[in-house]
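For reference, the structure discussed in these notes is given below.
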Amino acid sequence: MQHAAPVYQSLGASEVRLLRVLPGNGVSTLSCEMRSISPEHDDTPYIALSYVWGDDRSKSLLALNGEPMAITANLSVLLRHIREWKCGRKTPETQNATFPESVPPPETLFQEHEWIWADALCINQADIEEKSSQVPRMGMIYRSAARVVIWLGGNEGSDEEGQIYEIFEYANKMATLSLSYQDIESCRPYIESLHRQIGNTTKVERLCKGLLGLSKRPWFYRIWVLQEAALAREPPIVIAGGSATTFNNLHTFWLAVQTYLMDDVLRLWYSMPREMDNLVSLRRLVQNWAQEGETMREKSITDMSSLVSNRLYRLLNRLGGQYRCTLPQDMIYGLLGMISISDLSCLPKPDYRCPWPEVFEDYARCLMGNTGDLTLLLSLSQSLDDSPSWVTDFRGVRISTHNYGVERSPFTLANNPFAGKDPRRMRLEGVELSTVVSSYRAPSMDINGAGEQKRSQRALLSFRQMDRFIFRRACLIKNASHKDVVTSWIESWINFQRIPSLLPELDTIYEIYDEFAKKGFDGDHIFASASSDSLKAQNTASMISSLLKASSAGSYFVTTDGMIGLLAKFSGRAEQGDKICVFKGLVYPALVRPLGDTYKFIASVNLNDGIKMYERLTPEHAYTQEFFDSHYCQEFVLV
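Structure follows, in structure tokens:
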């Protein structure tokens, strides 16, 4: 987004810009004026906007301080709505809408607050230095705002226009009962009444589809919305078209539908993403951090570094890989404001001049070095080309928890692993457990639009190849029967799927598995063999189906002592000669590749024999000082 130079003057260290939309009619060019303030010394009330920029290729014109400016179409639509609201013009959706005291109508809200803050205009996007200095202040900007307004976009012409209006109406009616979104049980009388008013499943399904459509709007997947919604002093106002409610009201209705209205349409609810739940829990977390106040200043620099890094770790663990941003480094920068500590000097300073792979490297080094916790190595995201193998791709960061159910190692590093002369080398102490002797990864096949027969053929091919390279190789190494090896793997998979009732059916599952490996048959055959009257039989069939899918995804391997393992990172691949190691500070075993006297980190691994035969790999045994003292421990240099 290019800006004319005369529009922007340099900002002072504590200054931000505010925007005012000037009057005009519906078709005239948008016109705005801008001023600079210092929120610490100027109590001018303003509304901070939370919105999606939209397609940068679709532009509209704006006059800013008299200078022409190109802005995205989505921002233009929002500013035009604000202009209408400031003039007191109601949209069709607000004519008969219900607005409780906690939810001012849009026209009232923007008439009472003359100034707004919108990042696309209030930060000079063409000035890299200004962006780098303003981004760390965005947390303060949203905390200092009189209100935060979330713009989900317009509803005009969409199939869900009426659905959105009804959803916001029901959400606001619930607010009139003074119900807490944290106590959904208190909503029962109202919800039961609401259910009677709706009257039929078709209406319930309509509301559910509306909620589903609402949750799929781009706003819910933008990384910056996390801090914008979490840092607001008051519950953010949510506006879609002309309908408005608070974020808390909308979430209350969301939970109410989930709790009481879903009996007949559960299939729709299970397809709904959980971004709204995630935002509410994140808001509570950040508020708790803020309540701890600046008592953190009393801590030592070392404690502060660890605290700040641990908070950033927790935020990263909540991303789940579903949030997006235009600039890759914003996957980190967009979280910093939520740490709720004013002094972030222990973290790398935001710098948009720095290439994003270097930003990722700096933050990975800082997080693991400050905390001594190597959880970041458990990320399922792909490795970055031309970066050290220990660097996480934060664009899709998801942390693997395997099947132990723990997030962090109880044993952390005493020394910074990057303290050597070369900061790109990571030095870890660990124990080498075994070496890979055989591996298998299902070939990538394009089966989009393929029929059931083609998918079954691929599953059969993968299944037989996995049986050849993994299970039968393990049989030779262990001098064990095929049934014993495969049954052990199936048992591990059942535990992973948490269906202990199937453990007595191991022999039956193996027999079907063996028949499939030898003869091959389709999924219908599997399910036909299960009695429809037996839940256990159906679960057995479902388990076999999941085993077939598992064989065609991921990279499997066998080690010198017959362990069967699976890489947690789907993009990785095990190779003969790779080492299985346990590192201090890492809660799961890892696979590394020797490169002379150094190693390349490939991925953390899930060992199916780990629980049954290798008790030393469970968190209760593996990661204490006693474990490392009782095993040969050596230094591994990761590059």
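Going by my numbering, 219 is the number at position 186 of the sequence shown; the sequence numbering is gapless. All residues carry an ideal CB built from backbone N, CA and C; glycine is no exception.
Does the separation of the CB atoms of residue 63 and residue 122 fall below 8 Å? Stepping through the sequence shown from its first residue, residue 63 is reached at position 30. Stepping through the sequence shown from its first residue, residue 122 is reached at position 89. In this structure, residue 122 does not lie closer than 8 Å to residue 63 by Cβ.
Am I right that residue 505 and residue 670 are in contact with their C-beta atoms under 8 Å? What's the rounded C-beta distance? Your numbering for residue 505 matches position 472 in the sequence shown. Your numbering for residue 670 matches position 637 in the sequence shown. Contact flag wrong, Cβ pair sits at about 36 Å.
Buried or exposed for residue 593, please, with buried defined as at least 16 other CB atoms from any protein chain shown within 10 angstroms of its CB. If you number the sequence shown from 1, residue 593 lands on position 560. Per the 10 Å Cβ criterion, exposed.
Nonlocal neighbours in the same chain, by C-beta distance under 8 Å from residue 513, ignoring five residues either side: The sequence position of residue 513 within the sequence shown is 480, counting from 1. 507 and 595, listed in sequence order.
Starting from residue 639, follow the beta strand (DSSP E) in both directions and report where the run begins and ends. As a position in the sequence shown, residue 639 is number 606, starting the count at 1. Counting along the chain, the beta strand (DSSP E) containing residue 639 begins and ends at 631-640.
When you compare the stretch 336-352 with the stretch 364-384, are there three or more beta-carbon pairs, one atom per stretch, that lie closer than 8 Å? yes
N-terminal and C-terminal residue of the beta strand (DSSP E) that residue 462 is part of: Translated into positions along the sequence shown, residue 462 becomes position 429. Segment 459-474, the beta strand (DSSP E) holding residue 462.
Which residue comes first and which comes last in the beta strand (DSSP E) that contains residue 667? On the sequence shown, position 634 is the one that residue 667 refers to. Counting along the chain, the beta strand (DSSP E) containing residue 667 begins and ends at 667-671.
So which of 273, 496, 323 and 249 has the shortest CA-CA distance to residue 309? Position 276 of the sequence shown, counted from the first residue, corresponds to residue 309. The residue with the shortest Cα to Cα distance from residue 309 is 249.
Status (buried if at least 16 other CB within 10 Å, exposed otherwise) for residue 665: Mapped onto the sequence shown, residue 665 falls at position 632. The residue in question, residue 665, is exposed, as its Cβ has fewer than 16 Cβ neighbours within 10 Å.
Can you tell which of 403, 386, 413 and 365 has its C-alpha closest to the C-alpha of residue 393? Position 360 of the sequence shown holds residue 393. For residue 393, the closest alpha carbon among the candidates 403, 386, 413 and 365 is that of 365.
Pull up the distance between the alpha-carbon of residue 631 and that of residue 368, whole angstroms please. Position 598 of the sequence shown holds residue 631. Position 335 of the sequence shown holds residue 368. Taking the straight line from one Cα to the other gives about 34 Å.
Suppose contacts are defined by Cβ-Cβ distances below 8 Å. Is residue 397 in contact with residue 423 by that definition? Within the sequence shown, the letter at position 364 stands for residue 397. Within the sequence shown, the letter at position 390 stands for residue 423. Going by C-beta atoms, residue 397 is nearer than 8 Å to residue 423.
Do residue 105 and residue 118 have their CB atoms nearer than 8 Å? Along the sequence shown, read from residue 1 onward, the residue named residue 105 stands at position 72. Along the sequence shown, read from residue 1 onward, the residue named residue 118 stands at position 85. Cβ distance not < 8 Å, so residue 105 and residue 118 don't count as in contact.
Measuring alpha carbon to alpha carbon, tell me which of 617, 636, 618 and 611 ends up nearest residue 686. A question about residue 686 goes unanswered here, because the residues of the chain that appear run from 34 up to 672.
What's the gap between the Cα of residue 355 and the Cα of residue 525? One-based indexing of the sequence shown puts residue 355 at position 322. One-based indexing of the sequence shown puts residue 525 at position 492. Residue 355 and residue 525: Cα-Cα distance of roughly 29 Å.
According to the Cβ coordinates, are residue 425 and residue 414 closer than 8 Å? In the sequence shown, counting from the first residue as 1, residue 425 sits at position 392. In the sequence shown, counting from the first residue as 1, residue 414 sits at position 381. Judged by beta-carbon spacing, residue 414 lies within the 8 Å limit of residue 425, meaning their Cβ atoms are closer than that value.
If I'm right that residue 183 touches residue 167 with Cβ under 8 Å, what's the distance once you round it to whole angstroms? To locate residue 183, count along the sequence shown from 1; it is residue 150. To locate residue 167, count along the sequence shown from 1; it is residue 134. Not a contact, Cβ separation roughly 21 Å.
For a cutoff of 8 Å on Cβ pairs, would you count residue 268 as touching chain D? Note that chain D does not occur in the displayed structure, where there is just one protein chain.
In the DSSP assignment, what residue or residues form a beta bridge with residue 155? For the purposes of this step, residue 155 is taken as the residue at position 122 of the sequence shown. Residue 155 pairs with nothing; no bridge assigned.
Whole angstroms is fine: what's the gap from residue 640's alpha carbon to residue 620's? Stepping through the sequence shown from its first residue, residue 640 is reached at position 607. Stepping through the sequence shown from its first residue, residue 620 is reached at position 587. Approximately 13 Å between the Cα atoms of the pair.
Whole angstroms are fine: how far does the CA of residue 360 sit from the CA of residue 389? Stepping through the sequence shown from its first residue, residue 389 is reached at position 356. Stepping through the sequence shown from its first residue, residue 360 is reached at position 327. Cα-Cα distance, rounded: 8 Å.
Short check: CB of residue 472 to CB of residue 324, under 8 Å? Counting from 1 along the sequence shown, the entry for residue 472 is found at position 439. Counting from 1 along the sequence shown, the entry for residue 324 is found at position 291. Contact flag unset, no.
Alpha carbon to alpha carbon, how far is residue 604 from residue 668? Within the sequence shown, the letter at position 571 stands for residue 604. Within the sequence shown, the letter at position 635 stands for residue 668. Straight-line Cα distance between these residues: approximately 26 Å.
Same chain, Cβ closer than 7 Å to residue 177, neighbours up to 5 away in sequence not counted: Counting from 1 along the sequence shown, the entry for residue 177 is found at position 144. For residue 177, same chain residues with a beta-carbon under 7 Å away, outside a window of 5 residues either side, are 72 in chain order.
Name the two residues that bound the continuous beta strand (DSSP E) containing residue 92. Here residue 92 is taken as the residue at index 59 of the sequence shown, counted from 1. It spans 92-97 - the beta strand (DSSP E) in which residue 92 sits, taken as one unbroken run.
If you measure between the beta carbons of residue 279 and residue 207, is that distance less than 8 Å? Translated into positions along the sequence shown, residue 279 becomes position 246. Translated into positions along the sequence shown, residue 207 becomes position 174. Against a cut-off of 8 Å, the Cβ pair of residue 207 and residue 279 comes out as no contact.
Test item: CB-CB of residue 290 and residue 244 under 8 Å: Working through the sequence shown from its first residue, we reach residue 290 at position 257. Working through the sequence shown from its first residue, we reach residue 244 at position 211. Yes, they are a contact pair.
Among 198, 82 and 83, the one whose alpha carbon lies nearest that of residue 132: The count along the sequence shown starts at 1 and reaches residue 132 at position 99. With distances taken between Cα atoms, residue 132 lies closest to 198.
Leaving aside the five residues before and after residue 165 along the sequence, list all residues of the same chain whose C-beta is less than 8 Å from its C-beta, in chain order. Translated into positions along the sequence shown, residue 165 becomes position 132. Here the set comprises 382, 383, 384, 385 and 386.
Straight-line CA distance for residue 475 to residue 616? As a working note, residue 475 is residue 442 in the sequence shown. As a working note, residue 616 is residue 583 in the sequence shown. Cα-Cα distance, rounded: 28 Å.
If I measure Cβ to Cβ from residue 606 and keep anything under 6 Å in the same chain, skipping five residues before and after, which residues do I get? Translated into positions along the sequence shown, residue 606 becomes position 573. The answer, listed in chain order, is 474 and 588.
Which residue or residues does DSSP assign as beta-bridge partners of residue 51? Taking the sequence shown and counting its residues from 1, one reaches residue 51 at position 18. Bridge partners of residue 51: 68.
Among 663, 622, 516 and 311, which one has its Cα closest to the Cα of residue 468? By one-based count along the sequence shown, residue 468 stands at place 435. Nearest C-alpha to residue 468: 622.
Please determine, among 614, 255, 98 and 391, the residue with the shortest C-alpha to C-alpha distance to residue 462. Residue 462 sits at position 429 when you count from the first residue of the sequence shown. Checking every option, the nearest Cα to that of residue 462 belongs to 614.
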